[in-house]
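Here is the structure we will look at.
There are 2 protein chains.
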Amino acid sequence: MSKIGKLFGIGVGPGDPELITKKAIRVINEADVIFTAASTKNNYSLALEIADPYISNNTDIQSLSFPMIKDKIESAKAWNTNAEKIASILKQGKNAAFITLGDPVTYSTFGYILMAMEKVMPQADIEIVPGITSFHAAAARCNKILVEAEETLAVMSGAYGGENIRAIAEKVDKIAIVKAYKNTKDINKALKETGFYKKSIAISRCGRDGEEIIDNIDDLEKRKPDYWTLILAGK
Amino acid sequence: MSKIGKLFGIGVGPGDPELITKKAIRVINEADVIFTAASTKNNYSLALEIADPYISNNTDIQSLSFPMIKDKIESAKAWNTNAEKIASILKQGKNAAFITLGDPVTYSTFGYILMAMEKVMPQADIEIVPGITSFHAAAARCNKILVEAEETLAVMSGAYGGENIRAIAEKVDKIAIVKAYKNTKDINKALKETGFYKKSIAISRCGRDGEEIIDNIDDLEKRKPDYWTLILAGK
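Heads up: the protein sequence lines correspond to chains A and B, in order.
Sequential numbering of the first sequence, starting at 105, is according to this note's numbering.
Sequential numbering of the second sequence, starting at 105, is according to this note's numbering.
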């Protein structure tokens with residue numbers, strides 16, 4: 105029987121090209137095929153830009169279409185198709201690396217790949233290389249302690265506006281809200297109601313071109329919404 | 105007026121020497137003085153071991169004593185003394201790098217340095233270089249999605265046993281419990297009560313010598329407690 109390849113899920117970090125790990129660099133360099141997710145909505149080519157200096161000349165680069173479909177069945181089908189493309193590479197004995205911004209298991213498209221691979225090729229050998237997340241980079245950028253001693257940190261999506269903040273605020277000391285680009289009025293209202301407003305800060309495109317630190321989160325309500333915005337808040 | 109140096113807070117990652125970032129390597133290499141925290145309780149020399157290949161020959165390495173003191177006033181005094189040592193280096197125009205395992209703003213001794221520096225030398229120029237946290241490394245090691253889509257993740261200390269878990273469980277989808285080495289019986293009980301037990305896993309010394317994956321968290325109650333143990337749980 106011929107050798108089966110291995111799939112690596114690689115986090116290239118939050119956007120600053122220097123925040124990639126040594127391991128990610130090595131695995132990208134050794135990969136036979138690099139997979140990226142393509143989407144018209146978000147800029148996934150940034151992950152490729154960060155990885156580019158380490159990709160060998162003879163490495164094949166393939167883009168997988170990222171389905172921005174609300175329908176769960178249609179979406180799962182599209183991910184299965186992507187997983188089948190990866191599986192066919194592994195079955196040729198080649199190693200594949202799926203690169204993703206941030207960390208592969210933190211709000212990442214690689215999560216969908218991981219779930220689809222379980223169905224399509226459950227015996228696949230998969231290794232994940234963690235990456236620096238956007239909220240860690242943002243806390244570092246703002247010289248802000250993310251969580252300390254016996255504190256509890258909640259990491260959430262801004263998709264539900266203030267609802268999740270109100271539900272959890274009493275029980276946690278720090279909150280990181282990713283994708284804080286919609287419902288910002290309700291998010292800010294909830295942070296004010298729960299005592300998290302005073303020690304809050306927002307950052308957009310941290311460590312990347314167009315980075316903006318928004319000291320007063322009220323300003324989020326007036327600016328053009330940017331998907332790559334997050335809020336760090338504390339009591 | 106002579107030049108004032110800069111302080112860098114550097115995360116060298118969770119223990120696997122390959123999980124250090126390019127930026128951490130560069131800054132360690134360029135530093136005039138490397139500071140580490142020394143403690144009899146925990147093994148801070150591991151951070152130095154990871155950084156060692158990148159430290160220049162003429163770099164001065166200084167160990168700061170980490171006070172494991174419950175008394176807040178005594179503890180703050182000791183950190184002020186440490187911050188004064190760092191400040192005196194910066195005032196000589198030298199750059200200093202304080203290295204820490206994991207990430208400098210996530211349950212890290214650097215948090216105390218940051219607070220003490222604000223008192224001792226509020227004008228200091230401080231830059232933080234984020235590192236991969238233990239819980240990100242653990243999720244990657246176990247091929248486990250840490251948090252996805254619109255889910256909420258709670259990151260907490262195991263110090264309070266099951267208390268914090270019970271308080272928060274209903275409102276979150278995933279839980280990461282660091283320092284899960286004490287009160288493990290109550291932690292497990294709380295995870296069972298709240299529906300987080302079935303999808304739980306523990307890992308000790310992730311990516312380091314003596315790494316252990318504990319598939320059944322009940323086993324934590326029987327093993328010798330290890331400070332570097334964490335639990336990942338989901339509904």
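All C-beta atoms, glycine included, are put in the ideal place defined by N, C-alpha and C.
Query raised in the report: Leaving out the 5 sequence neighbours to the left and right, which residues in its chain are closer than 6 Å to isoleucine 217 (chain A) when beta-carbon positions are compared?
Result: Phe202
Report task. List the residues of chain A that asparagine 133 (chain B) touches, going by C-beta distances under 9 Å, in chain order. Result -> Simply none; closest approach about 12 Å.
Query raised in the report: Just reading off the alpha helix (DSSP H) that alanine 182 (chain A) is part of, what are its end residues?
Result: 176-195
Report task. Give the straight-line distance between the Cα atoms of phenylalanine 170 (chain A) and lysine 127 (chain A), rounded to the nearest whole angstrom. Result -> 26 Å
Report task. Spatial neighbours of leucine 123 (chain A) within its chain, please: CB distance less than 7 Å, with the 5 preceding and 5 following residues excluded, ordered by chain position. Result -> Gly117, Ile236, Ala241, Gly311
Query raised in the report: In chain order, which beta strand (DSSP E) runs of at least 3 residues are fully inside the segment 123-158 of chain B?
Result: 137-142
Query raised in the report: How would you write the range of the beta strand (DSSP E) that valine 259 (chain A) sits in, first residue to last?
Result: 257-261
Requested in this report: Please say whether serine 212 (chain B) and valine 282 (chain B) have beta carbons closer to each other than 8 Å?
Outcome: no
**Report entry** Where serine 308 (chain A) falls: helix, strand or coil (DSSP)
**Finding:** strand
Query raised in the report: Whole-angstrom Cβ separation of lysine 198 (chain B) and aspartate 136 (chain B), contact assumed at under 8 Å?
Result: 4 Å
Query raised in the report: Going along chain B in order, which residues have a C-beta closer than 7 Å to the C-beta of isoleucine 236 (chain A)?
Result: Thr125, Pro234, Ile236
Query raised in the report: Assuming leucine 257 (chain B) and valine 209 (chain A) make a contact with CB atoms under 8 Å, what is their CB distance in whole Å?
Result: The Cβ separation is near 10 Å, so there is no contact.
**Report entry** Cα-Cα separation, aspartate 323 (chain A) to alanine 271 (chain B)
**Finding:** 33 Å
Requested in this report: List the DSSP bridge partners of phenylalanine 300 (chain A).
Outcome: For phenylalanine 300 (chain A), which the question treats as bridged, DSSP gives no partner whatsoever.
Requested in this report: Identify, in the order they occur along the chain, each residue of the same chain with its Cβ nearer than 8 Å to the Cβ of alanine 200 (chain B), setting aside the five sequence neighbours on each side.
Outcome: Gly109, Lys110, Leu111, Phe112, Ala135, Asp136, Val137, Ile138, Phe139, Ile190, Ile193, Leu194
Query raised in the report: Any idea if proline 329 (chain A) is buried or exposed, counting beta-carbon neighbours within 10 angstroms, 16 or more meaning buried?
Result: exposed
Query - Sub-8 Å separation of asparagine 133 (chain B) and serine 160 (chain B) beta-carbons - result: yes
Query raised in the report: Any idea what DSSP makes of alanine 284 (chain B), helix, strand or coil?
Result: coil
Query raised in the report: With 16 other CB atoms within 10 Å as the buried threshold, where does glutamate 255 (chain B) fall?
Result: buried
Query raised in the report: methionine 260 (chain B) CB to nearest chain A CB: under 8 Å?
Result: yes
Query raised in the report: Within the 8 Å Cβ cut-off, does valine 209 (chain A) reach chain B?
Result: yes
Report task. With 8 Å as the C-beta to C-beta threshold (strictly closer), list the residues of the segment 263-289 of chain B near chain A in chain order. Result -> Ala263, Tyr264, Asn268, Ala271, Ile272, Lys275, Val276
Query raised in the report: Mind checking methionine 172 (chain B): buried by the 16 CB within 10 Å criterion, or exposed?
Result: exposed
Report task. Could you name the residues of the same chain whose beta carbon sits closer than 7 Å to that of isoleucine 232 (chain A), not counting the 5 residues immediately before and after it, in chain order? Result -> Gly113, Pro208, Val209
Query - Interface residues of chain B facing glutamate 297 (chain A) [CB-CB closer than 7 Å] - result: Simply none; closest approach about 16 Å.
Report task. Identify the contact partners of valine 251 (chain B) in chain A, using a Cβ-Cβ distance below 7 Å as the criterion. Result -> Thr210, Tyr211, Val259
Query raised in the report: At a CB-CB cut-off below 8 Å, which residues of chain B make contact with alanine 220 (chain A)?
Result: The premise fails here: alanine 220 (chain A) is roughly 12 Å from chain B at the closest Cβ pair, so nothing lies under 8 Å.
Report task. Tell me whether aspartate 323 (chain A) sits in a helix, a strand or coil according to DSSP, three-state version. Result -> helix
Query raised in the report: Hey, alanine 284 (chain B) and isoleucine 291 (chain B): beta-carbon distance below 8 Å or not?
Result: yes
Requested in this report: Tell me whether the beta-carbon of leucine 370 (chain B) lies closer than 8 Å to the beta-carbon of lysine 248 (chain B).
Outcome: Nothing can be reported for residue 370 (chain B): it is not among the residues displayed for chain B, which extend from 105 to 339.
Report task. List the residues that DSSP assigns as beta-bridge partners of glycine 117 (chain B). Result -> B:Gly206
Query raised in the report: Under a three-way DSSP split, which group does alanine 228 (chain A) fall into?
Result: coil
Report task. Just the C-alpha distance for arginine 309 (chain A) and glutamate 153 (chain A), rounded to the nearest angstrom, thanks. Result -> 15 Å
**Report entry** Partners in chain B for glutamate 122 (chain A), counting only beta-carbon separations shorter than 8 Å
**Finding:** Thr125, Lys126, Lys127, Arg130
Query raised in the report: Shorter than 8 Å from the beta carbon of isoleucine 307 (chain B) to some beta carbon of chain A?
Result: no
Query raised in the report: Is lysine 289 (chain B) closer than 8 Å to glutamate 315 (chain B) when the C-beta atoms are compared?
Result: no
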